[in-house]
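Just so we're aligned: 75 in my numbering is position 26 of the sequence shown, and the numbers increase by one with no gaps anywhere. Read through the structure below, which is laid out as structure tokens, and then see the notes.
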Amino acid sequence: MTQNELSEKLGFSKRYIAKIESGVKPSVEAFKKLAYFFDVPIEYLVSDNEKAPLTLLVQNEELLNAFMEVERMNAEDQKIVLELIKAFIAKRNFDKGM
Numbered sequence: 050m051t052q053n054e055l056s057e058k059l060g061f062s063k064r065y066i067a068k069i070e071s072g073v074k075p076s077v078e079a080f081k082k083l084a085y086f087f088d089v090p091i092e093y094l095v096s097d098n099e100k101a102p103l104t105l106l107v108q109n110e111e112l113l114n115a116f117m118e119v120e121r122m123n124a125e126d127q128k129i130v131l132e133l134i135k136a137f138i139a140k141r142n143f144d145k146g147m
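Below, the structure is given as structure tokens:
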């Protein structure tokens with residue numbers, strides 16, 4: 050999406066969009082519009098973390114809870130769970146003829 054398209058959809062000037070992209074912090078109202086438009090929480094827009102939070106990536110609540118539980122495990126248990134997932138995916142792909 051171009052700056053022009055975004056400015057038209059949100060009702061901002063092209064110059065304002067360019068300022069935001071160059072690092073100028075938008076107003077609270079602009080944050081709200083941007084968050085709504087991109088369907089992300091405002092916290093995601095203001096975060097310095099470049100990786101999206103898992104809660105934005107995983108839509109299935111049960112799966113998200115399972116991932117969060119794995120996150121609380123010790124490193125050895127996490128490795129076991131990861132190997133189980135990899136084995137399941139490999140078997141599934143093999144069964145599909147991939």
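No residue lacks a Cβ here, since even glycine has one placed at the ideal position from N, Cα and C. Keep in mind that this is a model prediction, so the values were computed, not measured.
In the DSSP assignment, Lys82 falls within the unbroken alpha helix (DSSP H) covering Val77 to Phe87. 8 Å or more divides the Cβ of Leu113 from the Cβ of Phe86. CA-CA distance, Lys135 to Ile129, rounds to 10 Å. Residues of the same chain with a CB within less than 6 Å of the CB of Ala79, apart from the 5 flanking positions on each side, do not exist. Membership of Arg64 in the alpha helix (DSSP H) is indicated by the continuous run Lys63 to Glu70.
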